[in-house]
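Enquirer: The opening residue of the sequence shown carries number 1 in the UniProt record's numbering; numbering runs sequentially from there.
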Amino acid sequence: MASEESRADKESSNQLIRRALEELDRAFTGPPVAEPEDQQLRLALPALVLATEVAAIAVLDGQGGIVFASPQARKLLGLDQTATPEDGHAPAPPAEILAFRLVAITGTPLSDARCEIAVGGEERHVLSINAAPLPGDGGDTALVALAMTDLTEQYDYYERALRESEQRLKLATEAAGLGVWEYDAITDTYHWDERMMAIYGLEESQRPVTYRDWVALLDPEHHDRLEALTRREPTYGERREVEFRIQRPDGRTRDIRAVWQRIDDEHGRIQRLVGINEDITEQRELHSELEYRAAHDPLTDLFNRAKIQQLLRAAQAAYIRHHTPFAVLLFDVDHFKQVNDRFGHATGDAVLWLMARRIESVLRETDHMGRWGGEEFLILASQTDEAGAEVLAERIRHQVETTAFEGVGTVTISLGVAAAEPGTSLESLEQRADRALYAAKHRGRNRTVRYSQL
Numbered sequence: 001m002a003s004e005e006s007r008a009d010k011e012s013s014n015q016l017i018r019r020a021l022e023e024l025d026r027a028f029t030g031p032p033v034a035e036p037e038d039q040q041l042r043l044a045l046p047a048l049v050l051a052t053e054v055a056a057i058a059v060l061d062g063q064g065g066i067v068f069a070s071p072q073a074r075k076l077l078g079l080d081q082t083a084t085p086e087d088g089h090a091p092a093p094p095a096e097i098l099a100f101r102l103v104a105i106t107g108t109p110l111s112d113a114r115c116e117i118a119v120g121g122e123e124r125h126v127l128s129i130n131a132a133p134l135p136g137d138g139g140d141t142a143l144v145a146l147a148m149t150d151l152t153e154q155y156d157y158y159e160r161a162l163r164e165s166e167q168r169l170k171l172a173t174e175a176a177g178l179g180v181w182e183y184d185a186i187t188d189t190y191h192w193d194e195r196m197m198a199i200y201g202l203e204e205s206q207r208p209v210t211y212r213d214w215v216a217l218l219d220p221e222h223h224d225r226l227e228a229l230t231r232r233e234p235t236y237g238e239r240r241e242v243e244f245r246i247q248r249p250d251g252r253t254r255d256i257r258a259v260w261q262r263i264d265d266e267h268g269r270i271q272r273l274v275g276i277n278e279d280i281t282e283q284r285e286l287h288s289e290l291e292y293r294a295a296h297d298p299l300t301d302l303f304n305r306a307k308i309q310q311l312l313r314a315a316q317a318a319y320i321r322h323h324t325p326f327a328v329l330l331f332d333v334d335h336f337k338q339v340n341d342r343f344g345h346a347t348g349d350a351v352l353w354l355m356a357r358r359i360e361s362v363l364r365e366t367d368h369m370g371r372w373g374g375e376e377f378l379i380l381a382s383q384t385d386e387a388g389a390e391v392l393a394e395r396i397r398h399q400v401e402t403t404a405f406e407g408v409g410t411v412t413i414s415l416g417v418a419a420a421e422p423g424t425s426l427e428s429l430e431q432r433a434d435r436a437l438y439a440a441k442h443r444g445r446n447r448t449v450r451y452s453q454l
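1. Among all the DSSP beta bridges, which residues are the ones paired with E241?
2. Please report the distance separating the alpha-carbon of A393 from that of R293.
3. Between the segment 395-404 and the segment 337-347, are three or more C-beta pairs nearer than 8 angstroms?
4. Who are the Cβ neighbours of T403 in its own chain at under 6 angstroms, not counting the five residues just before and after it?
5. Looking at R432 and A440, is the spacing between their C-beta atoms short of 8 angstroms?
6. Which value, in whole angstroms, describes the spacing of the CA atoms of Q453 and E241?
7. Please report how far the alpha carbon of I276 lies from the alpha carbon of I246, in whole angstroms.
8. Per DSSP, what are the beta-bridge partners of V180 in this structure?
9. In angstroms, rounded to a whole number, what distance separates the CA positions of V259 and F68?
10. Taking the alpha helix (DSSP H) that G388 belongs to, which residues open and close that run?
11. Here's a check: name, in chain order, each residue in its chain whose Cβ is nearer than 8 angstroms to the Cβ of D334, leaving out the five neighbours to either side.
12. Could you tell me if D188 is buried or exposed, where buried requires 16 or more neighbouring beta carbons within 10 angstroms of its beta carbon?
13. Determine the direct distance from the alpha carbon of L127 to that of R239, and round the result to whole angstroms.
14. Give, in chain order, every unbroken run of the alpha helix (DSSP H) that is at least 4 residues long and sits entirely within the UniProt domain "GGDEF" (324-453).
15. With I186 as the anchor, note down where its beta strand (DSSP E) starts and where it stops.
16. Of the choices I379, I117, D341, whose alpha-carbon is the least far from that of A327?
17. Nearest-angstrom Cα distance between L437 and H223?
18. What does F303 pair with, by DSSP beta-bridge criteria?
19. When the distance is taken between beta carbons, is G64 closer than 8 angstroms to R101?
20. Which residues share a DSSP beta bridge with M148?
21. Could you give the DSSP three-state label for D61: helix, strand or coil?
22. What do you get for G251, buried or exposed, if any count of 16 or more other CB atoms within 10 angstroms of its CB means buried?
23. Quick check: the Cα distance between E360 and N340, rounded to an integer number of angstroms?
24. Note down the Cα distance separating A420 from R443, rounded to an integer number of angstroms.
25. With DSSP as the reference, identify every bridge partner of V119, one or two as the case may be.
26. Give the DSSP bridge partners of L311, in chain order.
27. Please return the same chain residues whose Cβ sits closer than 6 angstroms to the Cβ of W353, not counting the five positions on each side in sequence.
28. Return the chain-ordered list of same chain residues with a C-beta closer than 7 angstroms to the C-beta of I270, the five sequence neighbours on each side being excluded.
29. Do P109 and P133 have their C-beta atoms closer together than 8 angstroms?
30. Cβ atoms of D385 and P325: under 8 angstroms apart, would you say?
31. Report the rounded CA-to-CA distance for T253 versus K337, giving the unit in angstroms.
32. On the premise that G370 lies in contact with I280, defined as a C-beta separation below 8 angstroms, what is that separation, rounded to the nearest angstrom?
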C-alpha cells in the first residue's frame, strides 16, 4: 500500500515537472495562456518564470532534443527564439550540448562541466554547465536539466591577460637572451622556442625532438656528468641548475647555463620539465679576463704582487703542515735606470717584457714568477731547498745574460736566494731574500747570493 502511494506521488511529481516545463515554454515562446488550473503549479510558476528570465536553463530528452529552453539558454545556444516542441519545430541544440544526454542514460549528475560552443559559426561561448537527470513518467530517467553559466567574458579576460603575460615573458627572455624549453617526460619530446634554436645554432630541420637528440649536441667531455645529473630528476618544485658546453653545427663551442623545474600530475607522477637555457660564453670569457687582470701585471703578464703573495702564503701553509720545502728568489735588473734614461721608458718596458718571457722558458711547472715592483721580480720555487734554488737562479741569470734586447744589447740581473726554515715567517723569508739580493749587488752585480752564505 505504501509503495503504491509512493509511486503515485512520484508520478504526480513527474507530471507536475512536465506541466511546469510546458507552461514555462509557452510563457516564453507562445501566446498568452490561461492560468493553470493546478494550484501548486499556479503558485510555483511565477517563481520559475522569474528564475528562467535571468538564468540559462534548458531541458533535454534522452535523444538530445530540447524540451525546454529559457530565453538566456536560447541566446547562448543560438536557438530559434520562437520554435517550440508543440509545433513540431523543436530547436536543435549544438553538437557539444548533445553530449549531456548521457546524463539521462547514466543517471549521474555533472557539476561545472566546461563546454565551448560556436554560435552561428562565428560567435564563441564558453559555458559552465551543471547537468542533473529528471525522472520520466515511468520513473526512469528521461530528461536532463541543464543550468548554464556564460564564462565567455571571464575566459576572454584571462586569455588576454595570458597573451599579454606571454608577450611580456617573451620580451624579457629575448632581452635577457634566454631560451625557453619544455620536456614531455611521457612522450620523450622536447619543445624549444626560437631563442633556444638560435643559442644552439640550429636550423628548423635540425630541431631536437627527444632527450637523445639533445645529448648529441653536448660537448663529449660533458656527456657523463650530465647523464649522471639527469638520471636523478628533481623532486616536484625543486629547482635545478647546471652549466655545460655544447658543440654547434658551425664548429663553435658555447658555454650554457640551464635551469629547470619538474612538474607532476595530481598523483605526484612526473609529467614534464620546464626550463631555460642561457648562453654564458661571453660572461665566462669576461669573468676569466677580469680574474686574469686581477692577478697579473699588465706590463709583463706575470703574476702581480698580490697574487704572488697569495701563492707564498699557500706554500708557507704546506711547509708548516706537510714540511714541503720551498725557496724564494728575489732579483732585479742591473742599472735599469740607465736603460730608461738612455733609451726611454717604452724601450725599458720592452726589455722587462722580453726578459719575463725568457725566464719563463727555463722555469718548472711548479715555479711561479711575479713582478714584485718596478724592475724587481720574485720567483717562488716549490719543493726546492736553498741549494736547488741557487741552481735555478744561475740558470735564470745565464738566460738573461745571453739574451740580446733590441736597441739595447744585453742586460744582467742580480739574485738573492733564501729557503723556508722552521719558525721563519714569510716576512722574515722575504727580508732574507732581499738581504741576499743587496749582497749580490754589493759584490759586483750579475751574480747569485744565498742567504746562508752571508
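The beta-carbon is built from N, C-alpha and C at its ideal position, and this holds for glycine as well.
Expert: Looking at the atomic coordinates:
1. Its beta-bridge partners are V259.
2. Straight-line Cα distance between these residues: approximately 28 angstroms.
3. No, the segment 395-404 does not touch the segment 337-347.
4. Setting aside the 5 residues that flank it on each side, T403 is surrounded in the same chain by R358, each with a C-beta closer than 6 angstroms to its C-beta; the list follows chain order.
5. For the 8 angstroms CB-CB criterion, A440 and R432 do not form a contact.
6. One C-alpha to the other measures close to 58 angstroms.
7. I276 and I246: Cα-Cα distance of roughly 15 angstroms.
8. Partner(s): I276.
9. Straight-line Cα distance between these residues: approximately 56 angstroms.
10. That run of the alpha helix (DSSP H) goes 386-401.
11. Within the same chain, V411, T412, I413, S414, K441, R445, N446 come within 8 angstroms of D334 by CB-CB distance, once the 5 residues on both sides are set aside.
12. Exposed, because fewer than 16 other Cβ atoms sit within 10 Å of the Cβ of D188.
13. Looking at the two C-alpha atoms, the distance is approximately 37 angstroms.
14. Within the UniProt domain "GGDEF" (324-453), the runs of alpha helix (DSSP H) at least 4 residues long that lie entirely inside it are, in chain order, 336-343, 345-360, 386-401, 426-442.
15. Element bounds for I186: n/a, residue is neither H nor E.
16. Comparing alpha carbon positions, the residue from I379, I117, D341 closest to A327 is I379.
17. Distance between the alpha carbons of L437 and H223 is about 53 angstroms.
18. Partner(s): H296, G370.
19. Yes; because the gap between Cβ atoms is below 8 angstroms, this pair is in contact.
20. Answer by DSSP bridge pairing, in chain order: A56, I129.
21. Strand, per DSSP.
22. Exposed: under 16 other Cβ atoms inside 10 Å.
23. Spanning the alpha carbons of E360 and N340 requires a straight line of approximately 23 angstroms.
24. Cα-Cα distance, rounded: 24 angstroms.
25. Residue pairing by DSSP places V119 opposite E123 in a beta bridge.
26. For L311, DSSP records no beta bridge to any residue.
27. Non-local beta-carbon contacts of W353 in its own chain, meaning distances under 6 angstroms to residues more than five positions away in sequence, involve T300 in chain order.
28. The answer, listed in chain order, is A185, E233, R262, D264.
29. Between P109 and P133, the C-beta gap is smaller than 8 angstroms, which places the two residues in contact.
30. A contact, by the Cβ cut-off of 8 angstroms.
31. Their backbone Cα atoms lie some 47 angstroms apart in a straight line.
32. Taking a contact as a CB-CB distance under 8 angstroms, the pair I280 and G370 does not count as one, their CB atoms being some 30 angstroms apart.
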